[in-house]
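J.:
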Amino acid sequence: MTMRAALAMAAACLGWPGVAAAAPTTVEINPGGPPSVVVERIGATPKVSARIDPTEATFRPDPALAALGKRIFFDTRLSQPQGTSCASCHDPLRAFTSTLNAPSLAGPRTPQGSRPGRFSARTAPSLLYVRYVPRRHFYQDDDAPFASPFGGLFADGRADTLVEQARGPLFDPDEMNNASPQSLLRKLRGTDLAPAMSLAFGPRVLRDPDQAVKGIGQALQAYLQSDEMAPFSSRFDDYLRKRTPLSPQEMRGLALFKNPDKGNCMSCHTLSDTASRPERSLFTDFGYDAIAVPRNLSLPANRDPRRFDNGLCRTAAQLRWPEPNQWCGYFRTPGLRNVAVRQSFMHNGVFTTLRDAVAFYATRSTDPAKWYHGRPTFDDVPAAYRGNINVNSTPMNRRPGTTPALTDEEIDEISAFLGTLTDARYVAAMPKPAMK
Ligand code: HEC
Ligand code: HEC
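Numbering (mature numbering (1 follows the signal peptide of the UniProt record, and there is no 0)), first residue to last: -22 to -1, 1 to 414.
1. Quick one, which of 108, 400, 126 has its alpha-carbon nearest residue 132's?
2. Just the Cα atoms here: how many angstroms apart are residue 343 and residue 174?
3. CA-CA distance, residue 102 and residue 75?
4. Going by DSSP in three states, residue 329 sits in which element: helix, strand or coil?
5. Should residue 160 go down as buried or exposed, given a rule of 16 or more other Cβ atoms within 10 Å for buried?
6. Rounded to whole angstroms, what's the CA-CA distance from residue 139 to residue 380? Just pull it up for me.
7. Checking 8 angstroms against the spacing of the C-beta atoms, do residue 162 and residue 148 come in under that value?
8. For residue 197, list the residues DSSP reports as bridge partners.
9. Is the beta carbon of residue 313 closer than 8 angstroms to that of residue 261?
10. Name the DSSP beta bridge partners of residue 20, please?
11. Does DSSP classify residue 15 as helix, strand or coil?
12. Identify every residue that forms a DSSP beta bridge with residue 415.
13. Would you mind reading off the limits of the beta strand (DSSP E) that contains residue 127?
14. Cβ-heavy atom distance between residue 371 and ligand 2 below 7 angstroms?
15. Roughly how many whole angstroms lie between the Cα atoms of residue 221 and residue 36?
16. Just checking residue 136 against ligand 2 - is the residue's beta carbon closer than 7 angstroms to any of the ligand's heavy atoms?
17. Which runs of the alpha helix (DSSP H) spanning at least 4 residues fall entirely within the stretch 140 to 197, listed in chain order?
18. So, helix, strand or coil for residue 131, using DSSP?
19. When the distance is taken between beta carbons, is residue 200 closer than 8 angstroms to residue 44?
20. Can you give the beta carbon distance from residue 358 to residue 272, rounded, assuming they're within the 8 angstroms contact cut?
21. Please state whether DSSP places residue 205 in a helix, a strand or coil.
22. What does the alpha-carbon distance come out to for the pair residue 219 and residue 253?
23. Please state the DSSP three-state secondary structure of residue 296.
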């Protein structure tokens, strides 16, 4: 122990006035960034003293490990039956979100897993920029009445890190469908990935199934953290860095997106068009909200009218947060970069056009029956949790029958602006201008 540490410890024990107590607990919440100071724990989740800043993150994954992760990502031999890789649902030609096959497009609009007729319960987000998603934490803004949850992977934050996340698809019966770590390891051993895994993690990784799963997760994390997965090459990025002009329609869309009395989108989908650093504009604050998207009647699980996907509250209960049901209906706010290449939108894939996703915000509160299958209220939230839904944020805070906050033309303008968030190499994947 150093002299200073010894003194600090003595001071903490004796309660000497004016001398710092034991060093505050810190935890790595911001991947690639500095540690965060923990002020309290809420259940199993740390509450931290400062907002996570993505511009403080730098990522230098080991290139050999990232290359191995990339090989695993595209390898179709690790599913049951074989034929499905991570890339099957996270298509590199579509900004690493799904290209849906015909049965999916005609059905649930979520990606198909390794078995025909089996589909993911949710839509697959783009994996570009996923490296910036922080670990789960609570943070309380100075003017906020209580602490709010942020971060965690998946729409319900059930995975804390990318290493942990990889287990999800590998063992989900609707996705890669491996029965167990043992059976996955048997598959791995039969491929040329085995020597590479052994080289990266030591020979034990090929004997111990849990080590193998962890190693696969670490390699995938290194790949997803590489610069390749955060290109920042959209027209909006050119606008941020070089002031390359957007079209007048797109500029009007940007203004509406920011305007707290119009779209108010920026209050959750964070951006800073005065900062040249594109990390300031990830179009999410990594927080959670309850916007009550309509029920997707085509999801196989939704044939049961009593079945609901309640999002964050299941994670909240597992993590022993107080009153977990207050989080039913909450989903993590997704980043909107490359959103225009998607074939279905929202966690449940209920919308098939970007324009519908935007229009939903404009008229959800003024004409609810239009969205909720003729019903006057949220049809994908159980009655017990409807009080959790956000009815206060503009533009979702109006009364039925009143004028929406956005006109049809303004909805088109915001949609056009969102098209500027597509990275250069995926522009061809955007639907041809459906705008009038
Ligand atoms: C059958 C389709 C499918 C396959 C295969 C698949 N995923 Fe996904 N992925 C999804 C879906 C659906 C989600 C969203 C699930 C949710 O929110 O509950 C998702 C979410 C993720 C996320 C979280 C992103 C975020 O912003 O929270 C990551 C990371 C990810 N997948 C990586 C992978 C990796 C790595 C593999 C391969 C080991 C993989 N996926 C295989 C469908 C798939
Ligand atoms: C109160 C916070 C909040 C506000 C304000 C908000 N959003 Fe969202 N947005 C969310 C959340 C949460 C989701 C995910 C909902 C889900 O999947 O159920 C989402 C999802 C989306 C999606 C779908 C993304 C995808 O990958 O499928 C789009 C598009 C979108 N928002 C655009 C907008 C626009 C445009 C505005 C302004 C008119 C806006 N949002 C305002 C929180 C917000």
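By construction, the Cβ of each residue, glycine as well, lies at the ideal position given by its N, Cα and C atoms.
T.: This is what the structure holds:
1. As a working note, residue 132 is residue 154 in the sequence shown. Of 108, 400, 126, the residue nearest in Cα terms is 108.
2. Residue numbering aside, residue 343 sits at position 365 when the sequence shown is read from its first letter. Residue numbering aside, residue 174 sits at position 196 when the sequence shown is read from its first letter. Each residue's alpha carbon lies about 55 angstroms from the other.
3. As a first step, residue 102 is located in the sequence shown; it is residue number 124 there, counting from the start. As a first step, residue 75 is located in the sequence shown; it is residue number 97 there, counting from the start. Distance between the alpha carbons of residue 102 and residue 75 is about 6 angstroms.
4. Walking along the sequence shown from the start, residue 329 turns up at place 351. Residue 329 carries a strand assignment under DSSP once its states are collapsed to helix, strand and coil.
5. Within the sequence shown, residue 160 is the residue found at index 182, counting from 1. The residue is exposed, with fewer than 16 neighbouring Cβ atoms inside 10 Å.
6. Taking the first residue of the sequence shown as 1, we reach residue 139 at position 161. Taking the first residue of the sequence shown as 1, we reach residue 380 at position 402. Distance between the alpha carbons of residue 139 and residue 380: 44 angstroms.
7. Within the sequence shown, the letter at position 184 stands for residue 162. Within the sequence shown, the letter at position 170 stands for residue 148. Pairing residue 162 with residue 148 gives a Cβ-Cβ distance under 8 angstroms.
8. Counting from 1 along the sequence shown, the entry for residue 197 is found at position 219. None, per the DSSP bridge assignment.
9. Residue numbering aside, residue 261 sits at position 283 when the sequence shown is read from its first letter. Residue numbering aside, residue 313 sits at position 335 when the sequence shown is read from its first letter. Cβ atoms of residue 261 and residue 313: closer than 8 angstroms.
10. In the sequence shown, the residue the question calls residue 20 occupies position 42. Beta-bridge annotation (DSSP): residue 20 is paired with 23.
11. The sequence position of residue 15 within the sequence shown is 37, counting from 1. In this structure, residue 15 counts as strand in the three-state DSSP scheme.
12. Because residue 415 is not part of the residues shown, which for the chain are -22 to 414, the question remains open.
13. By 1-based counting over the sequence shown, the position of residue 127 is 149. Note, residue 127: beta strand (DSSP E), 126 to 128.
14. Within the sequence shown, residue 371 is the residue found at index 393, counting from 1. Yes, ligand 2 has a heavy atom inside 7 angstroms of this Cβ.
15. Counting from 1 along the sequence shown, the entry for residue 221 is found at position 243. Counting from 1 along the sequence shown, the entry for residue 36 is found at position 58. Going from the Cα of residue 221 to the Cα of residue 36 covers about 25 angstroms.
16. Position 158 of the sequence shown, counted from the start, is the residue given in the question as residue 136. Closer than 7 angstroms to some heavy atom of ligand 2: that does not describe the Cβ of residue 136.
17. Correct list: 140 to 143, 145 to 149, 159 to 167, 171 to 179.
18. The residue given as residue 131 occupies position 153 in the sequence shown. Secondary structure of residue 131 (DSSP, three-state): strand.
19. Within the sequence shown, residue 44 is the residue found at index 66, counting from 1. Within the sequence shown, residue 200 is the residue found at index 222, counting from 1. Yes, the Cβ-Cβ distance between residue 44 and residue 200 is below 8 angstroms.
20. Position 380 of the sequence shown, counted from the start, is the residue given in the question as residue 358. Position 294 of the sequence shown, counted from the start, is the residue given in the question as residue 272. Residue 358 to residue 272, Cβ: 6 angstroms. Contact.
21. Reading the sequence shown from its first residue, position 227 is the one you call residue 205. Residue state for residue 205 is assigned as helix, using DSSP reduced to three classes.
22. Here residue 219 is taken as the residue at index 241 of the sequence shown, counted from 1. Here residue 253 is taken as the residue at index 275 of the sequence shown, counted from 1. Distance between the alpha carbons of residue 219 and residue 253: 8 angstroms.
23. For the purposes of this step, residue 296 is taken as residue 318 along the sequence shown, with counting starting at 1. Here residue 296 sits in helix by DSSP.
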